[in-house]
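Numbering (our numbering), first residue to last: 1 to 135.
What follows is a set of notes on a single structure, which appears directly below.
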């Protein structure tokens with residue numbers, strides 16, 4: 001016995017499946033923006049490479065994933081996040097992408113830049129910059 005489904009039924013099923021997958025898988029770029037909006041280092045660290053370059057107003061250095069978490073937790077503890085607004089995102093070629101935005105904190109605004117690189121079948125953050133914005 002052959003089972004014949006109308007094209008409309010198949011199309012609707014594929015559309016619904018695609019929508020459900022987009023909500024469950026998540027987009028690393030959007031997840032990083034969401035984590036920055038909340039100042040959530042644990043969420044942000046899911047995307048850290050094994051070594052992450054972090055630039056803060058007081059210092060710049062490369063850190064292991066666990067060291068980077070400590071540095072950023074301290075930064076966010078001293079600069080309670082109010083919001084993060086993404087201004088620009090783009091690709092810098094060869095599997096790399098970046099985002100630039102303003103991190104609004106209780107102590108001021110920081111121009112924030114993050115750089116992703118494709119590593120295997122995922123994207124990892126290689127660099128985060130927080131530069132105090134002159135008002």
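Beta carbons are placed, not taken as given, at the ideal position from N, Cα and C, and that holds for glycine.
Non-local C-beta neighbours of residue 43 in its own chain, meaning closer than 6 Å and more than five positions away in sequence, comprise 35, ordered along the chain. Around the C-beta of residue 79, 16 or more other C-beta atoms lie within 10 Å, and the residue is accordingly described as buried.
A direct Cα-Cα distance of roughly 22 Å separates residue 101 from residue 94. Straight across, the Cα-Cα distance linking residue 112 with residue 72 is about 13 Å. Here residue 87 is exposed, its C-beta having fewer than 16 other C-beta atoms within 10 Å. Boundaries around residue 96 are those of the beta strand (DSSP E), 96–105, since no alpha helix (DSSP H) includes it.
Counting C-beta atoms within 10 angstroms of its own C-beta, residue 70 has fewer than 16 neighbours from the protein chains shown and is therefore classed as exposed. Here the C-alpha atom of residue 28 lies approximately 14 Å from the C-alpha atom of residue 120.
Cβ contact annotation for residue 96 (same chain, cutoff 6 Å, sequence separation greater than five): 117, in chain order.
In the displayed model, residue 66 falls within a helix according to three-state DSSP.
Annotation: residue 82 to residue 91 spans about 27 Å, alpha carbon to alpha carbon.
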